[in-house]
Structures are given as structure tokens and as C-alpha cells.
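The structure appears right after this line, and notes come after that.
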Amino acid sequence: MSHYSGQLINLLAAVLLLLSFAMLGQRRILSLINLFMAQGAVLCASTATVALVTGQKHLYWSALITLVLKVLLLPWILHRLIRRLNVKWDIETLFNIPTTMLIGIVLVIFSFNLALPISELAGTVSRSTVGIAMASVMLSFLMMITRSKAVPQVIGFLAMENGLFFAATSATYGMPMVVELGIALDVLVGMVILGVFFFQIREQFDSLDIRHLEQLKED
Amino acid sequence: MNLTTILLQFFALILAPVLAPLLTGWINQCRAWLQNRSAPPLLQPYYQLGKLFEKEVVLAHNASGVFRAAPYFIFAAMVLAATIIPTLSTDLPFGPAADAIALVGIFALARVFIALAGMDVGTSFGTLGARREMLVGFLAEPALLMSIFTASLISHSTSLSTIVDTLGHREFVIYPSLAFAGVAFTMVSLAENARIPVDNPTTHLELTMIHEAMILEYSGRHLALIEWAAALKMYAYSCLGLALFFPWGVPQDVTLSNLSLALAGLLFKLAIGGALLALIETLSAKMRIFRAPEFLGTAFMLAVLGMLVHLLLETGK
Amino acid sequence: MEFFLVLGFPLLGGMVLALTGHTRRAAEYNAFFSLCTLIAASVLTLHIVNHGPQMFFEEQFLVDPLNVFLVALTALVGFTTSLFSRPYMRIEHDRGHLSVGRLRLYHSMFQMFMFTMMLALTTNNMGILWVAMEAATLTTVLLVSLYRTTASLEAAWKYFILCGVGIAQALFGTILLYFAAEKLLGHEGGALLWSHLNAVKGSLEPTVMSLAFVFLLVGYGTKVGLVPLHNWLPDAHAEGPTPVSAVLSGLLLNVALYAVVRCKVLADGALHSNLAGLLMMGFGLVSVVVAAFFLSRQKDIKRMFAYSSIEHMGIVTFAFGMGGPVASFGGLLHMTVHSLTKSAIFFAVGHATQKSGTQLMEHIRGLIKLSPTVGWGLMLGTLAILGMPPFGVFASEFLILTTAMKQQPWATPFLLIALGVAFAAIFGKVQPMVFGESSLPRLPHKPAMLPVFLHLALVLLLGLWIPPYLAGWYQQAARFIG
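Protein chains in written order, with this note's numbering: chain S, 239 to 457; chain X, 16 to 332; chain U, 128 to 609.
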């Protein structure tokens, strides 16, 4: 049982990484949101698997929170946002996609290397997933850097949170419940604030292109 | 090595050229069904080959020996490739020759010949096609090698027989890395066999064609051989994919019952694979030729990721 | 009891002001809640003075020598800022910069910001510390963008994204910390409690801990404003309302640095090497030098003092990085005096910019004629922050510099050059602003200068004589920072 669940978590980890790459290469905002949703679903599944293996009750709750927040609520908010802001157009990236992908591979190698000593120490079922979690955090980070529109940047930010949550659940069997609740609350509040922000940015600049936001700098 | 295995090897050698057009016919039929067209007969490729063999060969005035010899080389290379991939048994006389790198080398040899032949007559389309073919090949080969290496890392060997042995006759384990490599391999196969979304085998549109552009000058039995070789290539790639990612059902020792089971399994897997290929082709749209590097770059990246995932997740178990 | 009041008053204030923040007396309510918090913090401090370090609520909260003086300091600066912001925000409102609704947002978020900082300071749980830091980011994002101008929106966006990314690194560090700890402490709760971690820090896995510390340092270091993660800081300070700049510089940076120090204690115990110290020294020194050279290029007065904050945070980080009782003592003292001085300066700057109607330094002239108290306040504050004796900043910088000469002689020239450059840059710019000629009319508003001179008096006091119990805390805290 635990043998197969370990393999299942590994598989989910690999899918998570694949989704991170897909997000990095995705040009359409709508598909980006769907990919984010899929990532949330993978996260939820892996948390539930860990809960099943270890029998820790609070992980079921955390899977439930993930489901509600990351698969249902946040994508819904994002869908509403882009509908009301009318930003369905293709995303312009600062680099072309293949270059970004290559940088992404380098980042993955880097984070796997970084995580290798940790993986050897981990005693959990899903011992090697720290590296994958770290890699997807780095990839989301890269996505935030390379995108020039505000909405994809925020999706990158949320995807980074996904990677972190994955690290928390799969490598350590979940943080204490109170911490997870706090993190979820912060993410939600942050999202709401950002939603308000989008409208104000568009009102001020007539666009959500954050390249307009480059007036404040050292001269 | 005994007489049975030699006979069996001989059987595989015959089987590949015989089955290959059938696979092409099957894919065409599935495609037609999926696109709501009335399907051509399953045996249509055989009729076409037969018709082409009866026709007279028309050669350009300035065609050299390379142009005439190329179809035979290409056909021979593809038959060899299709034969050494373990499909019926892993214990065959050609088994030791079935090395993944050698296989990629054979494919590359065929590619060189077809590109040379394309340029030989000196028409602009032939040169254009050859250039595009080399571009695609240049990008596809590393990705192909990488995805094969992922499988060979798991079984610690580049010999295809050993890979099939290890993966097929061991306790079932989920390998996430193989999933990555499998996706990458599928993408490479699409590009290498001139399928949608990289090339479209059914049109002769000068802006986009790759494979068809190189063989425009061929006719008669030469064209028949090249078409047959293309079908064989498709077959070889399918068998390679099955051997790497779905190796179950290939027996180690050779008995008659084993063999018939293996043959039935092979046909079944090929039928499924062909249907899936038709599905992919129906669902995707032909991309601009300049997007092909991006497509193959993604394939390469996936293959590398598969390897990395293997190194991180699956070592030391 | 008084402990929960320290957290409860700001929280209650945030809620009450969310409902009543638009009324005419909102500023008074704000000051009232801040005063209550200050009283509760003073009582708590007295309690800790008499009874030593304490834990509350099933060990979820910890008050020890390291954070008790920060709690008191935060409450004090919060209170004086609320006094300063009363006339300041009223003028902004009268001039039409802020609507009534924005004032409500401001007052409510000010109290919520105080709450998140108090929570971050007192929690014993490293996870809650992260949550509180993130919540502090969220509240201050709203405060920075209060004016809703293009510049303030840009500043707030930059602040949110940069600190969001930074704080995510810190979360990863926290996860790694938990990963290292759960093997020793088990799953049930205790593995993220700092006091438990501190008890077993010697046997935490060194490889994981070194990685965790790097992530935590980068993460919380972004909020401290360490170079090269400092980009948000000058923008956020310059574009937000001045009371917000004062609490950002005076308090938030301290709280973030406090988080780094807590992590350093654990990392030092686990690593048996000086990795954490070296990293902090490196980041600190780079911040000091880079900020000093950026100072001379500034045109906006609030931006300039924001860079000065980066410089001083760099000094403190360097001091903690060096370690040892004297350097840590100097670092703690510097945290205190910098917080007091910098907020005083921002109060004075706030009045000065309101009187001159601009933040550009070349247009601010003759403050001493416009309003002598503002002019003198800015001048004295500047002298204090530049480390002139007999102010407290001199004492702490002197301690840190002499320790650096002894322990890390290679770093001393950099520090001295940076301090010299900073002195020349700031003094050269402030002097004409205060003493130059001005043709502007004197404005009728009476400035609220009490907080400025109160802070400066405290800084002067700390420069001349440190009360023995305060010195005792510093020594105790410095001992376990190591």
C-alpha cells in the first residue's frame, strides 16, 4: 500500500513539475488559469494521498482547503477578473518561450542539486519531492520575472504558493494546522487586495501592462 | 542460438515490411472515421504500392547515381531498423545489435540519403525540403536520444532487448520519468514521421511541406520503395515506442504459444497506437514551419526533465 | 492578561476604526487605541522586568529579553506616530488629497498593521511569524497605495510583488526548518515553536538548516531592505503617506530584522560554523556601502531618508553577523535608536513637505524661517542619525565600529567610507533646506512637534546613559544571540 502511494506521490510531483513548465510556456491567460486550477487539483490529490498513508486527520482538512481555495475559489475570482477587465489577449513575454524554457531547465537542475542532500535525509514516503517543490517554486518565480502583464504575474505568484504548499505537505506531512490556516487566509486576502489593485492600475494607466509601472527609478 | 530463433528472426524480418503498410492504412482509416469522411479500404497502401511498382520510372536528365540508389538504401535501412527492435521476442540473433544509439544512427543514415536525393536533381523544392528535413532532424535527434536514455537509465543499458526485459518482466512500478519521456517520444515521432502538427503527409503545399518536397522527383518503383520505407519508419517508431514504454507481453523464450500471444499483443498494441495517433492528428492543427523548433525544443525539454526526474525521484530505491 | 491586551487593543482598534474611521474623531480614536496599547505594553514590560521571560497560551507566545524591548518600542513609536498623524492627515484631507473613505482605510489599517507587528514580535511559532509578516505586508500595501496616484500604485505594486516573492522564500525556509525539526520534535505542534527549536538546535540537521537559513535570510531580508533586495523600499517610503513612512522605517524593518535574528540563533546552534554570520555580514556590508552611495543621488527627501534606513539596517545586520556580546549589544541599541530617530525625522519631514508643498529637496528652503520648530527638529534629527555625539546613534555606531576593528578589520574601511559618504550626502542636502532663504508664506497649521522632540530626547538620553535594566536586557539578549 504505502509502496504504491509513494509512487503515486512521485507521479503527482512529476505532473506538478510538468504543469509548472506548461504555465511557463503558456501564452493565453485563460489557459494559464486552467493550468493553475489543474495544479491545485494535483496538490489536493497529493495531500489527500499523504493523509491516507499517514492517517493524519488534519491533512484531510488541508486537502479540503486546497480544493476550495485553489481549485474553486481563486480560479473563479481570476476568471471573473479577466472577464471584467477584458484581458483575454495573448501574453507578451519579455523573452521568447524557448529561451525561457531553457532557463527553466537550468533552474530545475539547480534546485535538484540543491535538494539532493535533503532528499537523502528525508524519512517520509515521498522523500524526493523537496527538489520538485523547489523547482516549481523557482519556475513560478521565473514566470513572474518574464511576464509583462499584471494578471500572469499574479498567477505566477499563486503558483509559487502551490509549490510551497506541495513542499509542506509532501516533504513534511503538512505544517501545523494553525499555520496552514494562516497561510491560506493570507493568500486569499492578498488575492482580494490584488483584485482591487487591478482595477485601479487599469484606471490610472488604461492598461494592465506593468511596463507602465517603471516611472519610479533612480536617475 | 538455435534454429527456432533464427527462423523467428527471419519471420520478424518478413513481418515488418508486410505489416508496415497495414499500419499506415489503419491510421488513415481511423483518421477518416474521426473526421467523418468515408474511409479508404484498409489495404489501400498495398494497392498503391502495387500500382507504383508497375509504373515506369521517369528520371531527370541530371539525376546521378545517388538519386537512383537512395530508395534502396532508405528501404534497407528502415527494414533493418524495424527488424532489430524487439517486438516478438527479446532473445533473437539480432538482439545484441539492437542498440538504441545504433538505431538512431540507422535513422540518421536514411535521413542523410533522402536529403541528398532531394538535392540531387537540383530543383528548388527538393533543396527546400532537404533543408527543412535536416532542421527537423537536427532538433529531433537529441530529443529522441534523451527519451531513450531515460528508459535506458532505468535498466542500466542501451540495448533495447535489455530495456524490454527489465521493464517488461519486473514488478510493476510507476515511473514518472517514463511518462515525461513518453510524451517527448510521441512528439518526436510526430515530427520524424512527417505527421501533423509538424508536417502534413496528405498535402503538397509548398509553404509547409517537408517530406513530400524531397520526393517530388521520384516515380515508379523508386517512389514505391520510398513510400514503403516511410510506412516502415512509422512502424519502426511505433514498435520502438511500444518497446520502451509498453513492453509487456514480449516473451523472453521462444515457444509457439508464446509467439502467437506476442504477435496478437503486438497487433493489438499497434492498433491502439495507430488509433491514438489518428486522434492526435485530428485534434491538432498544423503549425507554421517556424514553430517547429519550438515544438521540438519542448520535446527535448520534456525528455531532459524526464531524465532529471528519474535521477531525483527514482534512484536509490 | 496585559499580554493579551497588547495584541487585543490594536486588533479591536482596527475593527472599531473600520466602522468609525470616517468620523471626525477617528484620529483621536486612533491615538486612544495606540495609547492603550502603549500602556498595556508598559505593564507587560514591567511584568517581565519583575518575573523574567514568560510564555503564554500553551507556549504559543513568548516574551523574552530579545523581544520585550521591541514590543515596548513598537508601542511607543506607534503611539507617537498616531499623535503626529492626527494633524498631518487632517491637512491632507483638507487639501483634498484624501477622501473620507481613504481616511477610514488609513486608520483601520494603521491599527491592523500594529497588530500584525505585535503578533510577529511575540509569537513563539515560526509559522505564525511568517503569517504575521505576510499580513503586515498586506496591510502596508494598502497604506502605501493610499493616495491612489500613478506613482503610489506603482510603488505599492512593486512592494507587493517583491515582498510577496521574498516572503515566499521565507515560507520555504520555514518549511525546511519544520522539515529539520519534525524528526526531533515530532508532528504534534511543537516542531515550529521557537523555544522548542532553541532547546534542540544543536542536533538539527546542518545541511537542511543551512539551506533553510539562506531562504529565511533572503525572505525576511527582502523586508529588511537588504541590498540587492531593497528596490521596493525607497518607492514605498516616498509614495506612501509620511506617518506610514515613519512606521515602515521605524518599526517594520526592525520586526523583519528581528525575524532574521531569531532564525540566526537556530542556524548558529545547528551549523557549528559561522555561515549565518558571514552571510549576514556580507549582506549588511553591501547594503551599507550601496545605500551610502545612492544617498547623494537622491532628489526626493523621503527617498533619501529611505536609503538612509537601508544603510542603518545594513549596519545592524552587519553587527548581528559579527556576533559576540558587544556587537550584538551594539546592534540592539542601534535598532532602538535608529527606530526612534528615523521616525522623528520622518515626522519633521512630513511637516516640512506639507509646509513647502513638495518632496523635492531643491524646492524646500528656509525651514527655520517657515517654522523654527520643524527646522530645528529636522536638523537635530539629521545630526542624530548621522551619528553625531552625544546622541545614541553615536554610541551604538561606535560600539559596532570598534568591534569591527577588532574582529573583522577588513570591513572597517568600507564601513568608515560609507559612513563618511552618507554624512556628506545627507548633511549637504539638509543644511540648505533648513537654513536657506525662503519666500513661502508661513502656514497657519501648528505642527505636532511633541513626538519629534520626545524621540530625540530619548535618543539623547540613550547616548548619555542607558538605564540599567535596559542595559541588562540588551546584555541578556546579546548573550543568546551569540
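The beta-carbon is built from N, C-alpha and C at its ideal position, and this holds for glycine as well. In this text, all values refer to a predicted model and were calculated from it rather than measured experimentally.
Mind checking if residue 309(X) is an interface residue toward chain S, Cβ cutoff 8 Å exclusive? yes
In chain S, which residues lie with their C-beta within 8 Å of the C-beta of residue 291(U)? In chain order: 395 and 428.
Label residue 167(U) either buried or exposed according to how many other C-beta atoms from any shown protein chain fall within 10 Å of its C-beta, with 16 as the threshold for buried. buried
Please state whether DSSP places residue 250(U) in a helix, a strand or coil. strand
How would you label residue 332(X), buried or exposed, when you count the other beta carbons within 10 angstroms and need 16 or more for buried? In this predicted model, residue 332(X) has a pLDDT of only 44, less than 50, meaning its place in the structure is not dependable; the value taken from the coordinates is given anyway. Exposed: under 16 other Cβ atoms inside 10 Å.
Could you pull out every residue in the same chain whose Cβ sits closer than 7 Å to the Cβ of residue 208(X), ignoring the five residues on either side in sequence? Around residue 208(X): 248, 249 and 252.
Residues of chain X with CB closer than 8 Å to the CB of residue 350(S), please, in chain order. 323, 326 and 327
Using only CA atoms, which one of 231(U), 438(U) and 209(U) lies nearest to residue 162(U)? 209(U)
Would residue 134(U) and residue 203(U) be called neighbours here (beta carbons separated by less than 8 Å)? No, they are not a contact pair.
Beta-carbon neighbours of residue 411(S), restricted to chain U and to distances below 8 Å: 309 and 314, listed in chain order.
Could you say which of 256(X), 292(X) and 320(X) lies nearest to residue 40(X) if we only look at CA atoms? It is 292(X) whose Cα lies nearest to the Cα of residue 40(X).
In this structure, does DSSP put residue 332(X) in helix, strand or coil? Any answer about residue 332(X) is weak, because its pLDDT of 44 lies below 50 and its placement is not dependable; what the coordinates show is given next. Coil, per DSSP.
Mind checking if residue 386(U) is an interface residue toward chain S, Cβ cutoff 8 Å exclusive? no
Assigned exposure category for residue 591(U) - 16 Cβ within 10 Å defines buried: exposed
Contact set for residue 32(X): own chain, Cβ-Cβ below 8 Å, skip 5 residues either direction: 94, 97, 243 and 247
Through-space distance from residue 345(S) to residue 92(X), alpha-carbon basis: 40 Å
For residue 410(U), is the classification buried or exposed, using 16 other Cβ atoms within 10 angstroms of its Cβ as the cut-off for buried? buried
Considering only residues of the same chain and omitting the five flanking positions on each side of residue 541(U), which have a CB-CB separation below 8 Å? 412, 415 and 416
Which two residues bound the contiguous beta strand (DSSP E) that contains residue 182(U)? Per DSSP, residue 182(U) belongs to the beta strand (DSSP E) from 181–183.
Identify whether residue 191(U) lies in helix, strand or coil by the three-state DSSP scheme. Here residue 191(U) sits in coil by DSSP.
Contact list for residue 316(X) against chain S, beta-carbon separation under 8 Å: 259, 339, 340, 342 and 343
Given 8 Å as the limit, is there contact between the stretch 270–278 of chain S and the stretch 384–404 of chain S, that is, 3 or more CB pairs closer than that? yes
Buried or exposed for residue 598(U), going by 16 or more other Cβ atoms inside 10 Å? Exposed.
Report the neighbours of residue 346(S) on chain X: residues whose CB is nearer than 8 Å to its CB, in chain order. 320 and 323
Please tell me whether residue 207(U) and residue 581(U) are closer than 8 Å, where the distance is taken between their beta carbons. yes
Beta-carbon of residue 451(S) versus every beta-carbon of chain U: anything under 8 Å? yes
Cβ contact check for the stretch 348–355 of chain U and the stretch 555–571 of chain U: 3 or more pairs under 8 Å: no
Between residue 268(X) and residue 133(X), what straight-line distance do the alpha-carbon atoms span, to the nearest angstrom? 44 Å
Taking 8 Å as the threshold (beta carbon to beta carbon), is residue 542(U) in contact with chain S? For residue 542(U), the closest Cβ of chain S is not nearer than 8 Å.
Residue 329(U) versus residue 469(U) - alpha carbon distance: 38 Å
Taking residue 157(X) as the query, report the chain S residues whose CB atoms sit under 8 Å from its CB, ordered along the chain. Within 8 Å Cβ-Cβ: nothing; residue 157(X) doesn't reach chain S, min ~13 Å.
With a cut-off of 8 Å, do at least 3 Cβ pairs link the stretch 473–488 of chain U to the stretch 531–549 of chain U? no
Closer than 8 Å at the beta carbon, the chain S residues around residue 284(U): 388, 435, 439, 448 and 451
Same chain only: Cβ atoms within 6 Å of residue 319(U), ignoring 5 sequence neighbours per side: 252, 253, 254 and 305
Let's test the definition: count the other Cβ atoms within 10 Å of the Cβ of residue 453(S) and tell me whether it reaches 16, buried, or not, exposed. Residue 453(S) should be labelled exposed.
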